[in-house]
Amino acid sequence: VEYDGGDGNEGGMKPTNMYDSLWTNAAKEAMEFFDYTYLEHFGASMPMFLPRKLALDYILKRCTRNNPSFFDVVQFNTSVENVTFDAVSSTFAVRVFDSKSGCTSVTVFDYVIWAGGNNGRRNIPPDVDQALKSGGFAGKIMHSSQVDTNFDRDVRHKNVIIVGDQHSAEDLALYAIKLGAQRVDIVSRGGRGVATDMGSWPDNKVTVVEGYLPTGVACGGRGVILSKVESSNPAFTENIDDQIALHSVDTVIYCTGYDCNFSMLDESLRPQSSRAQGAHVDKGWKMSENALSRDLGHVPLGSVSPEFAFLDQNFYRGRLRSNPSIFFMLESVHEEHLLALDVTAWLFLAQITGDLPLPADCEINQFNRETLIEAMDSPLLRRQVDPAYRAKWENTIRV
């Protein structure tokens with residue numbers, strides 16, 4: 013059953029949370045299937061980064077090239093409204109709304125795989141949004157997922173603020189300049205996103221403002237006040253003694269990411285917000301030697317936050333331990349996203365068919381612990397989950 017990726021609590025079909033003209037963030041070489049090459053599909057050399065439509069065509073053709081009727085048994089144009097589990101029969105009841113017929117049906121399944129993606133629900137910073145709206149901002153406020161074919165009218169000859177500093181911010185800043193934006197200010201709270209690493213921007217029209225967030229409105233609704241914030245503080249803070257005023261702002265775009273949408277799942281089936289219950293590393297653990305060891309030295313392990321699903325003790329290889337009949341295809345830490353999804357799919361299949369049986373709890377705990385230790389030996393991964401290591405990295409390496 014296809015889930016549309018929109019907010020399940022709102023009902024009805026929702027468009028996907030992707031904007032027009034989206035290109036892949038990873039180089040195509042990092043996501044080429046081993047059994048179906050780009051040369052086989054396109055018949056010619058392709059640019060390093062593919063437009064979304066070409067990437068989708070490549071993925072779908074891989075499925076149908078040897079089996080044209082591959083998708084005949086798949087129900088499209090449907091929304092999953094509710095999923096419940098019956099402990100007596102060990103089955104799931106899945107209620108689905110068909111947007112074409114307007115009918116709702118309930119089907120029973122033995123296994124469920126949640127693969128709703130990481131962009132099921134827009135993540136809009138509530139404090140920033142409230143500050144702009146209550147302050148009477150007179151321009152347009154939008155999330156990156158709302159960028160469509162009319163983006164031209166939102167940015168041409170206009171001054172734009174982008175809140176956030178990751179791939180969407182970089183992509184939309186370049187897109188806005190290409191469409192004729194007069195000025196783009198990227199407001200970055202932590203200063204660690206890819207947009208902050210850009211050495212130069214077209215026509216010098218883009219400015220990255222690090223360590224600030226929008227906190228108010230000025231100039232009769234046409235200006236936005238930015239206040240200095242502490243990036244290490246998870247709470248919204250405002251320093252009225254350190255502010256910047258951006259004038260004549262026409263459009264504000266939230267490039268602040270997404271959240272997974274589990275609203276269609278019964279409460280007992282949802283992954284609990286207990287990422288803090290990750291596997292533990294012994295206090296005496298020491299990171300293996302790596303390319304950064306000479307610069308950073310030995311950094312004692314901080315309070316590790318299992319940001320990624322594969323570090324979460326609630327799972328075993330994507331399988332929910334409290335209900336082993338449901339699987340979650342959650343975020344990947346690999347640049348090879350398509351390949352990682354492919355491997356995950358095969359792992360799920362192996363578990364469902366019994367080729368990879370569910371181990372005892374003690375074995376799962378040991379497996380998760382070893383996975384965490386292996387992750388901690390990767391400088392890039394440890395930087396994302398260990399605040400102490402991240403601080404040493406930034407204080408030592410960032411100039």
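So the number in my numbering is just where the residue sits in the sequence shown, counting from 1, plus 12. Every residue, glycine too, gets a C-beta built ideally from N, C-alpha and C.
Terminal residues of the beta strand (DSSP E) in which residue i lies
| i | result |
| --- | --- |
| residue 155 | 152 to 155 |
| residue 386 | It is not in any beta strand (DSSP E) - residue 386 instead sits in the alpha helix (DSSP H) that spans 373 to 388. |
| residue 226 | 224 to 230 |
| residue 195 | 195 to 200 |
| residue 126 | 124 to 126 |
| residue 441 | As displayed, the chain neither begins before 13 nor continues past 411, which places residue 441 out of reach and without an answer. |
| residue 240 | 235 to 240 |
| residue 274 | Segment: none, residue 274 is in no beta strand (DSSP E) and carries neither H nor E. |
| residue 121 | 116 to 121 |
| residue 263 | 263 to 266 |
| residue 339 | 338 to 340 |
| residue 311 | No beta strand (DSSP E) contains residue 311, which DSSP labels as neither H nor E. |
| residue 335 | Careful: residue 335 lies outside any beta strand (DSSP E) and carries neither H nor E. |
| residue 175 | 171 to 175 |
First and last residue of the uninterrupted alpha helix (DSSP H) at residue i
| i | result |
| --- | --- |
| residue 406 | 399 to 408 |
| residue 139 | 138 to 146 |
| residue 360 | 349 to 365 |
| residue 163 | 163 to 167 |
| residue 190 | 179 to 190 |
| residue 307 | 305 to 308 |
Same chain only: Cβ atoms within 6 angstroms of residue i, ignoring 5 sequence neighbours per side
| i | result |
| --- | --- |
| residue 230 | 237, 257 |
| residue 368 | 362 |
| residue 227 | 143, 237, 239, 250 |
| residue 123 | 337, 364 |
| residue 76 | 82 |
| residue 176 | 267, 268 |
| residue 302 | 391 |
| residue 402 | 395 |
| residue 39 | 60 |
| residue 89 | 111, 112 |
| residue 218 | 185, 196 |
| residue 350 | 43 |
| residue 412 | Lying outside 13 to 411, the shown extent of the chain, residue 412 is not represented and no answer is given. |
| residue 370 | 336 |
Short Cβ contact (7 angstroms threshold) for residue i with residue j
| i | j | result |
| --- | --- | --- |
| residue 196 | residue 185 | yes |
| residue 106 | residue 95 | yes |
| residue 341 | residue 365 | no |
| residue 233 | residue 259 | no |
| residue 136 | residue 266 | yes |
| residue 178 | residue 205 | yes |
| residue 157 | residue 133 | no |
| residue 10 | residue 328 | Past the boundaries of the shown model lies residue 10; the chain is included only from 13 to 411, so the question cannot be answered. |
| residue 264 | residue 153 | yes |
| residue 183 | residue 299 | no |
| residue 400 | residue 314 | yes |
| residue 67 | residue 36 | yes |
| residue 8 | residue 103 | Here the chain comprises residues numbered 13 to 411, so residue 8 is not present and cannot be evaluated. |
| residue 64 | residue 48 | no |
Residue environment, residue i, which counts as buried when at least 16 other CB atoms sit within 10 Å
| i | result |
| --- | --- |
| residue 181 | buried |
| residue 372 | exposed |
| residue 398 | buried |
| residue 334 | exposed |
| residue 358 | exposed |
| residue 170 | buried |
| residue 284 | exposed |
| residue 109 | buried |
| residue 60 | exposed |
| residue 297 | exposed |
| residue 46 | exposed |
| residue 192 | exposed |
| residue 116 | exposed |
| residue 244 | Only weak support exists for where residue 244 lies, its pLDDT of 48 falling under 50; the coordinates are left without a value. |
| residue 325 | buried |
| residue 101 | exposed |
| residue 91 | buried |
| residue 72 | exposed |
| residue 332 | buried |
| residue 78 | exposed |
| residue 51 | exposed |
| residue 273 | buried |
Neighbourhood of residue i by C-beta distance below 7 angstroms, restricted to the same chain and skipping five residues each side
| i | result |
| --- | --- |
| residue 225 | 140, 199, 201, 238, 239, 241 |
| residue 261 | 151, 171, 173, 234, 235, 236 |
| residue 360 | 125, 330, 339 |
| residue 404 | 308, 311 |
| residue 208 | 177, 200, 220, 222 |
Neighbourhood of residue i by C-beta distance below 8 angstroms, restricted to the same chain and skipping five residues each side
| i | result |
| --- | --- |
| residue 385 | 293, 297 |
| residue 278 | 94, 95, 96, 97 |
| residue 246 | Note on residue 246: pLDDT 46, under 50, position unreliable in the model; no value is reported. |
My parser needs the alpha helix (DSSP H) runs of 4 or more residues fully inside the region 20 to 100; what are they?
50 to 54, 64 to 76
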